[in-house]
Each structure stands twice: as structure tokens, then as C-alpha cells.
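Asker:
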Amino acid sequence: MHQEFLMGNEAIAMGAIAAGVNLVAGYPGTPSTEVLETVAKRRPQDTYVEWSINEKTAMEVGAGAAYTGARVMVTMKQVGLNVATDPLMSLEYIGVKGGMVVLVADDPGPISSQTEQDTRHFSRFSKLPCFDPSTVQEAYEMVQDAFEYSEKYRTPVFLRSTTRVSHGYASIDVKDEEDYKKNTPEGFIKDTKRWVIFPKLSYQAHINIEARNVELAKEFSSYDKNLLLNMESKAFPKKGIATGGFNYTYVSETLKTLGDARFLKVSTPHPFPEELAVKFLTGLDEVICIEELDPVIERELIYIAGKYQLPVKIYGKLTLDVKNSGENSLDSVMGNLTKFLGVNPPETGALSEDDKAEMPELPVRPPVLCAGCPHRASFYAVKQAMKGKKTLFAGDIGCYTMGNAMPLDMVDTCLCMGAGLGIAQGVDHIEPDTSCFAFVGDSTFFAAAIPGVINAVYNQADMTLVVLDNSTTAMTGHQPHPGTGQTMMGDVVNKVSIEKILKGIGLEFVETVDPLDYKKSVETVKSAAALPGVKAIIFKSPCIAIVKSDKCLAVDNDKCINCRKCIREIGCPALIIRDDKVVIDDSLCTGCGLCSQICPVGAIGGDHHE
Amino acid sequence: MSKNIVLCGVGGQGTILASKLISGAAMNRGIPVKSAETIGMAQRGGSVFSHLRLGDDVDCPMIASGSADIIIGFEPGETVRMLPYLRKGGQVIVSSRPVMPVTAALAGSNYNGSEMLDYIRKKVDKVIVIDTEKACRELGSAKIVNLLLLGAAVNSGALGLDEEDIRKVILTRIPKKFHDLNFKALEYAKKSSL
Numbered sequence: 001m002h003q004e005f006l007m008g009n010e011a012i013a014m015g016a017i018a019a020g021v022n023l024v025a026g027y028p029g030t031p032s033t034e035v036l037e038t039v040a041k042r043r044p045q046d047t048y049v050e051w052s053i054n055e056k057t058a059m060e061v062g063a064g065a066a067y068t069g070a071r072v073m074v075t076m077k078q079v080g081l082n083v084a085t086d087p088l089m090s091l092e093y094i095g096v097k098g099g100m101v102v103l104v105a106d107d108p109g110p111i112s113s114q115t116e117q118d119t120r121h122f123s124r125f126s127k128l129p130c131f132d133p134s135t136v137q138e139a140y141e142m143v144q145d146a147f148e149y150s151e152k153y154r155t156p157v158f159l160r161s162t163t164r165v166s167h168g169y170a171s172i173d174v175k176d177e178e179d180y181k182k183n184t185p186e187g188f189i190k191d192t193k194r195w196v197i198f199p200k201l202s203y204q205a206h207i208n209i210e211a212r213n214v215e216l217a218k219e220f221s222s223y224d225k226n227l228l229l230n231m232e233s234k235a236f237p238k239k240g241i242a243t244g245g246f247n248y249t250y251v252s253e254t255l256k257t258l259g260d261a262r263f264l265k266v267s268t269p270h271p272f273p274e275e276l277a278v279k280f281l282t283g284l285d286e287v288i289c290i291e292e293l294d295p296v297i298e299r300e301l302i303y304i305a306g307k308y309q310l311p312v313k314i315y316g317k318l319t320l321d322v323k324n325s326g327e328n329s330l331d332s333v334m335g336n337l338t339k340f341l342g343v344n345p346p347e348t349g350a351l352s353e354d355d356k357a358e359m360p361e362l363p364v365r366p367p368v369l370c371a372g373c374p375h376r377a378s379f380y381a382v383k384q385a386m387k388g389k390k391t392l393f394a395g396d397i398g399c400y401t402m403g404n405a406m407p408l409d410m411v412d413t414c415l416c417m418g419a420g421l422g423i424a425q426g427v428d429h430i431e432p433d434t435s436c437f438a439f440v441g442d443s444t445f446f447a448a449a450i451p452g453v454i455n456a457v458y459n460q461a462d463m464t465l466v467v468l469d470n471s472t473t474a475m476t477g478h479q480p481h482p483g484t485g486q487t488m489m490g491d492v493v494n495k496v497s498i499e500k501i502l503k504g505i506g507l508e509f510v511e512t513v514d515p516l517d518y519k520k521s522v523e524t525v526k527s528a529a530a531l532p533g534v535k536a537i538i539f540k541s542p543c544i545a546i547v548k549s550d551k552c553l554a555v556d557n558d559k560c561i562n563c564r565k566c567i568r569e570i571g572c573p574a575l576i577i578r579d580d581k582v583v584i585d586d587s588l589c590t591g592c593g594l595c596s597q598i599c600p601v602g603a604i605g606g607d608h609h610e
Numbered sequence: 611m612s613k614n615i616v617l618c619g620v621g622g623q624g625t626i627l628a629s630k631l632i633s634g635a636a637m638n639r640g641i642p643v644k645s646a647e648t649i650g651m652a653q654r655g656g657s658v659f660s661h662l663r664l665g666d667d668v669d670c671p672m673i674a675s676g677s678a679d680i681i682i683g684f685e686p687g688e689t690v691r692m693l694p695y696l697r698k699g700g701q702v703i704v705s706s707r708p709v710m711p712v713t714a715a716l717a718g719s720n721y722n723g724s725e726m727l728d729y730i731r732k733k734v735d736k737v738i739v740i741d742t743e744k745a746c747r748e749l750g751s752a753k754i755v756n757l758l759l760l761g762a763a764v765n766s767g768a769l770g771l772d773e774e775d776i777r778k779v780i781l782t783r784i785p786k787k788f789h790d791l792n793f794k795a796l797e798y799a800k801k802s803s804l
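Structure follows, in C-alpha cells:
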């Protein structure tokens, strides 16, 4: 053992490596991304790792490897699990040979996601076991436990993390390399009764799964990470607190101030450790459930209290005693617990309530496209080209969702990965006089947009596809994808060409343009929009975070007429007002030149190097 | 020893590196560290924070309101946003340089951070304001704001770490070509925070 300061996601990766993982596949998504990246960085030479093109593919690659006896981890964020649902729901019935851990990171808040869905539900729905770590150290250990359970019961298991575990850091104890488990896959052995899903097999498997989960619930009641604490509380003999996952740390931290109360920590929300829960509930009058996302523990306890006829009142999200959406915090949990236990909250800090009321109005900082981001130029070109026309701009998932911000205001819809294509077609079929555009990034194109393009061509839609190709998966921290020609194993491979795919599907108008060439971009959009059928424009310019620029522009204050068109129309963070004049913040400007191309008096220019 | 530290600023300002240096310095001393920070969408020009907790008896990486020993603010407005976390008698280190959000530029606002600094000075006794703009100009680099603030923080004594701890961690965590510059920033901070 030695100590390392690790992010939760890094700890999960190191835990998987220590468990002898042979293959890791996933698709980037906050807050899960660093797990796979860390495996790629720190893996033993014979561990295979890939960014798959989407979560469904990752799950299938993982299944194949697990059929051979390999230990497998598949990584994704919670909405990614929706994409991987189809293979996973069937894999539940087929099972695995090698241990298979499905790492899903949930995002209470949500901080960087479309939904606040709860993977603990998904685990119940899919009947798969679920591990829910509360700390970085526990996440490291739990991955290894999860592999053992997976292999023992020949089933994929969930390791469900949440943002604060995944992105929290801690100095933790990790194994030395010589203590890593070594797993040598036996290989795939043909057995059609095992690996080919048929109704008869599924029926039999269903019986086995139900029996297994009863057995697992029993086993989990003595799992050492499910805890029953302070059973003999003197301060609060009739009250108990149930929690799980990261919220355990909120509860334990808060009880340090409020005094010991009986509490149950649930680390395996499915199958629920029923025997342990009965012990917890017995003798209590009231229980409060502190958890994030959905009231999973709360509903289980209500069910158990009913089943065993225990006279205990259970409070939580369902009774509106704990907020039923958004993230909890030490402060919200302190509020919940002081009310529930009937004790006074501790003193306040440096600011009184009156001080807080006097606080000046704070600057509002919604996330925006970076200074110099080529997406800004692409959106602006389409906006100008289509000015005055009836349009629909369907957005998608990625940095370019931030094209919604003022003043660009270029995202009319955003639903899920790849949905913009279908939405543009749906609007087009009902409103043929609307010029419909779908914007999609390069990584999202490979992940989820290609079937939508084929659908549009086949079903005769009129629409313009705009691919915002910045040669990376920018939003999640610059992962490679099929268009970049690099893999996570470090190999340089042939790039998959978006242009060739589109032409192969049968699109006749496919133009690749540099969006930083404003005039040409506007002309290209105009000619695409004028044509019937499905057309595509690929705006190709690298993300400013991967190709660093040393260029910087400046405003010539003798020429500037202070009309502020630059600020009003493109909203670049590098354009600021200082002493009532427009200036360029040289710490942000990349010299992309968009502002200089739209300045009516040519006041922005230069190419001065810092 | 136990210390609750909040670092805050605008995405891209270098709060994360500063947080890593403090963690590294504490770990070199054998003090356990837990931390939580903003990653993802908000990093793009949004408000960002790091919570850092040093000490043995810590379960949660997040800090409760009114319990931070020190706030290291990279931007005046963001420091005010985090001020409810400060405990009574806590220390504030703040950079005077404002970062104007696009929303303010669009609204034609003249946000310059001065009313934020006035508020902090009015409400908090222990405040060190660092003119990072001037310091960066004098030292010839825009990339040392984090070291200037860190230097002031160490010097205030509220971090529970000393300058030597930070110097040591710089040697191992930062590329050699930046060592001299970073040391100069520490020195500068010491002088200007006296």
C-alpha cells in the first residue's frame, strides 16, 4: 500500500487496474470521463482501452470481451446509459463470464447534464446489482468488490458514482503494483445455449435472476460497506437517519456537530440490504432519508416498514421534508437534520443575514463559448445568411449548445445526443416553409447523427446539416474520436472522413469551409439553404484549446466609432468595455479575426504578438 | 491541524493549479487532504470554486457555510459570491482585477469590481487585496496570479502552511522554466501583503 492524491474517477480507474481489468471501453461524458482517461494513462501494457463511438457500442464491445472471461469496465455518464440500454437489458439475461463493471456517473444538480435521472432506479429496472460509493477511498475499494461480485454471480454490475465522488479529490491508500490481481481470459467458448438470446433462455434466466437477487440482498446485509451506526444513541433514541452514496459524508459531517444519531448507510441500493434495514428500523419512531436524485432508499424503507409492520414514520423527498430535486449540500442537510432532530443549528459565519442582504449585485456568468471559438463564427455566419427568413436552428449536445447564449441566440432546440437531426426533419414535415438547420459537432456526428442523416435522405426531408468540426470532443476535455486519427491506445489510424460519409449516404451538396472566413461562410450557407433536399456544410476549424494561438488583435481607438457592433453581435469574452471604450482583453484574444471582419469601420486589426 | 480553504474565480484563471499546490504542500507534511472543484461546462467562463479541507477528521470534501478559514479569491465579484462560506474571524485574500462577464459587456455595464472590494473590506476584518494587474506587469507575466495569491495566503498564516512548503511543492509540480518566476511572485506577494 502507498498513498496517492486522486480524483474519485482516477481512484475508480486505479481500482479497476488493481482488479486486473483487461478491457475498458466508454464514451466521454461529464462527470465520468476521467475514469477511462486514467486507465489509458496508467494501464499495464496488456490492458486494452478505447473510446468507443457511443455508449451502446462500448457496452457491446464490453460484453464480447466479458464473454471470453476478460474483466471489463464500461464507462459513461447517466444519460449515456440510456444509449446503452438496449444491449444492457439483454445482457442482464445472458450474463457474463469475466467480471463486468458498468461505471455510470450520475449528476445531481444537474451540473453538466440534461437530466437528473438516478441510476439506482435503472439498476432496479434492469435487476442488476448496484454499488454506490460515498468517498474516493471507498470508490477505489468498491470497484474491486464489484468485480468479485460480478464474477461470482456471472452478471454485469453497476458502480454508480455521483459528481462529488467522481470529481472529489482525496489522499487515499492504494495497492502497490505487485499486489494487482492478474486475470487471464479463458477465451470465448462456443455455447449457443448460453450466448444466443431466445425467449426460452430468457424465461429460464429470469427465474434465476429473481432467485439470485434474493440471495444477494441477504449477502449485502452483511457487506462491510453497508453500515449501521450509533445503534444505542442516547441523544436521539427514537430517531434514525438513512443515507447512501456521497450523502453519507454530509450526514456524518453534520452529526459531528449535532450529536450521534442512529444511521444506516446504504452502499448497495439494489438488491436492497433488507435484513440490515429491518435492524435499523426496529425500535425507531421516525426516520429521515437523506439522498440525492430520487427517493430510492426512502421507498425501500417504506416498503420494508410495511412488509414487517414496523410502526415508524419515514420522512424524505416524498414528504417534502428533503428537497426533491437538485443537489444537497452540507447546509441543506444541516437544515434537514436540525429540524428532524429538534436541535439548534450552529452559529453562522462571518456574514449575518443583514450582511447578505446588503451584498452588491453579483456578475452573472453563464458558461459561454471561449474567446476565439470557431463555433461562434459558424453560428454567426448562419445567422447572417438566414437573416429575415423563417428558420429553425436545432442544436445538439456539446460546447456548441452554448451558441444559445445572447447575443448569438442560435440554438432553438436541444434534446439529446444526435436529436437535432430528427427534430429538424419533424419541423420540416409539418412546416415546409421553414428553413431547417441541424447543428452537430464532430464527435456527436460519429456518436449519434449518422442514422438521422440517412433518415432525412430516405424520407425526402428538406434540411441543412451543419457539422461543427473542431477536430476534438471539446466539451468533455478533448478526447480523440474517429475523425482525429488517434486512439486511446496511442495508435495513429486512418481518419474517418465526415465528408466522405455524407457523400456516401448520397448528399450532393457537401461543402467544407473555414468558419473564420466570414464572407465565404455566409455565401456557402446561402447557397446550401437555397437548394432542396438534404445539404451539408462542414465548418472546419480546430478548437482553440488544442491549437494554441499566439495571435492577438487590438482596437484602434482613433478609428473606432464606439458603435459596439462587435460586442452586440458576437459576444466574444475577449471584447470588453473599459472606461467606456471597446478594448480587447489580450489575455483571452486568439486573433481569430471574426470581430475584425464585421467591424464597419475596420478599427480592429493588427496581429501583435505578446 | 484542520483547515477549510475556498478558492474561487472565473473558469480559466488557474484556481485548480493553486488548489493542487496547496494539496501537494499539505500532503508533503503528511496532512490528509480532501477537495472538490468545478469541472465541466461551468469552466467555460463561468464561476468556479475549489473547496479544500486539510486535516484528519474530515469526511466530506465540501465546506459548510460559515466555516471556511480562508477564501482565496481570484476575482472580486466571485470572492463576494463565496463570502457566505467564511467563518467569523476568517481571512480573505483577493485579487483586485475584475473579469467582466459577456453579460455585463452586452448590458453596457461598467463592472470594475470596486464595489465588490468595498463590500469585502466593510464586512471582513482580515482582508489582503493584491493588485495582481500591477504585479503581473512588473514581473512581466500574466500567468502568476495564482502564485501571488498563494504567496499572500501563506504569509497571512491562515493556511497553516509556510512559504517553504509551497517552494518545495513548486519544485516538484511545476516545470523548471517557471520556477524562478514563481518564486519571484511569492516574494512579491510577501512584500505587498505586509
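If you're matching them up, the sequences are chains A and B in order.
Residues 1 to 610 (my numbering) are what the first sequence spells out, left to right.
Residues 611 to 804 (my numbering) are what the second sequence spells out, left to right.
A virtual CB, placed ideally from N, CA and C, is assigned to each residue, including glycine.
The structure presented is a predicted model; accordingly, all values stated were derived computationally and were not measured.
For chain A, is any of its Cβ atoms less than 8 Å away from the one on B:Val-712?
Answerer: yes
Asker: Which ranges does the alpha helix (DSSP H) cover as unbroken runs of at least 4 residues, wholly within the region 445-511 of chain A, from first to last along the chain?
Answerer: 450-458 and 498-505
Asker: Between A:Ala-11 and A:Tyr-149, how many whole angstroms is the CB-CB distance? I'm expecting something under 8 Å.
Answerer: About 19 Å separates the beta carbon of A:Ala-11 from that of A:Tyr-149, a gap too long to meet the 8 Å contact definition.
Asker: Are the CB atoms of A:Lys-559 and A:Gly-602 nearer to each other than 8 Å?
Answerer: yes
Asker: According to DSSP, simplified to helix, strand and coil, what is B:Met-692?
Answerer: Three-state DSSP puts B:Met-692 in a helix.
Asker: Determine, using beta carbons only, whether A:Phe-379 comes closer than 8 Å to chain D.
Answerer: Absent from the structure is chain D; the protein chains it does hold are A and B.
Asker: Just curious, the beta strand (DSSP E) that B:Arg-663 is in, first and last residue?
Answerer: 657-664
Asker: Can you list the beta strand (DSSP E) stretches of 3 or more residues lying completely in the region 302-359 of chain A, in chain order?
Answerer: 313-315
Asker: Among the candidates A:Arg-262, A:Ile-561, A:Lys-548 and A:Gly-349, whose CA atom is the shortest distance from the CA of A:Leu-337?
Answerer: A:Arg-262
Asker: Since B:Leu-627 is in the alpha helix (DSSP H), which residue starts that stretch and which ends it?
Answerer: 625-638
Asker: In terms of residue numbering, what span does the beta strand (DSSP E) encompassing A:Ala-235 cover?
Answerer: Element bounds for A:Ala-235: n/a, residue is neither H nor E.
Asker: Is the CB of A:Ala-447 under 8 Å away from at least one CB in chain B?
Answerer: No, A:Ala-447 does not count as interfacial toward chain B.
Asker: Report the residue from A:His-429, A:Val-467, A:His-375 and A:Met-142 whose alpha carbon sits nearest the alpha carbon of A:Gly-418.
Answerer: A:Val-467
Asker: Residue range of the beta strand (DSSP E) that A:Arg-262 falls in?
Answerer: 262-266
Asker: Starting from the Cα of B:Arg-731, find the closest Cα among A:Asn-470, A:Ala-350, A:Leu-553 and A:Leu-575 and give me that residue.
Answerer: With distances taken between Cα atoms, B:Arg-731 lies closest to A:Ala-350.
Asker: So, helix, strand or coil for A:Cys-436, using DSSP?
Answerer: In this structure, A:Cys-436 counts as strand in the three-state DSSP scheme.
Asker: For the alpha helix (DSSP H) containing A:Asn-213, name the first residue and the last one.
Answerer: 199-221
Asker: Between A:Asn-230 and A:Ser-267, which are expected to be in contact by the criterion C-beta below 8 Å, what is the C-beta distance as a whole number of angstroms?
Answerer: Not really, about 17 Å apart at Cβ, beyond 8 Å.
Asker: Beta-carbon separation of A:Asp-173 and A:Met-1 under 8 Å?
Answerer: yes
Asker: Just mark A:Asn-247 as buried or exposed, buried being the case when its beta carbon has 16 or more other beta carbons within 10 Å.
Answerer: buried
Asker: Quick one: what does DSSP say A:Met-7 is sitting in, helix, strand or coil?
Answerer: strand
Asker: Does DSSP put A:Val-21 in a helix, in a strand, or in coil?
Answerer: coil
Asker: Keeping to the same chain, check which residues put their C-beta closer than 6 Å to that of A:Ile-611; ignore five residues upstream and five downstream.
Answerer: As displayed, chain A neither begins before 1 nor continues past 610, which places residue 611 of chain A out of reach and without an answer.
Asker: What does DSSP give as the partner residue(s) for A:Arg-578 in the beta ladder?
Answerer: Note: A:Arg-578 sits in a beta bridge opposite A:Lys-581.
Asker: When you compare only the Cα positions, how much space is there between B:Ser-629 and A:Glu-4?
Answerer: 16 Å
Asker: How big is the Cα-Cα spacing for A:Ser-611 and A:Cys-543?
Answerer: Here chain A comprises residues numbered 1 to 610, so residue 611 of chain A is not present and cannot be evaluated.
Asker: Rounding to the nearest angstrom, what Cα-Cα distance links A:Cys-414 and A:Asp-585 in this structure?
Answerer: Cα to Cα, A:Cys-414 sits roughly 31 Å from A:Asp-585.
Asker: Within the continuous beta strand (DSSP E) that includes B:Met-726, where are the two ends?
Answerer: That residue, B:Met-726, is in no beta strand (DSSP E); its alpha helix (DSSP H) goes 724-733.
Asker: Cβ atoms of A:Arg-160 and A:Val-104: under 8 Å apart, would you say?
Answerer: yes
Asker: Expressed to the nearest angstrom, what Euclidean distance is found between the alpha-carbon atoms of B:Lys-744 and A:Met-475?
Answerer: 34 Å
Asker: Output, in sequence order along the chain, the residues in the region 321-334 of chain A whose CB is closer than 8 Å to any CB in chain B.
Answerer: Cβ contacts with chain B: Ser-329, Leu-330, Asp-331 and Met-334.
Asker: Taking all protein chains shown into account, decide if B:Asn-756 is buried (16 or more other Cβ within 10 angstroms of its Cβ) or exposed.
Answerer: buried
Asker: Is it the case that the Cβ atoms of A:Leu-507 and A:Val-534 are separated by a distance below 8 Å?
Answerer: Contact flag set, yes.
Asker: Name the residue from A:Glu-60, A:Gly-426 and A:Val-440 whose alpha carbon lies nearest to the alpha carbon of A:Tyr-400.
Answerer: A:Val-440
Asker: With respect to the beta strand (DSSP E) encompassing B:Gly-619, which residues constitute its N-terminal and C-terminal limits?
Answerer: 613-620
Asker: Tell me the DSSP secondary structure of A:Arg-154 in three-state form.
Answerer: coil
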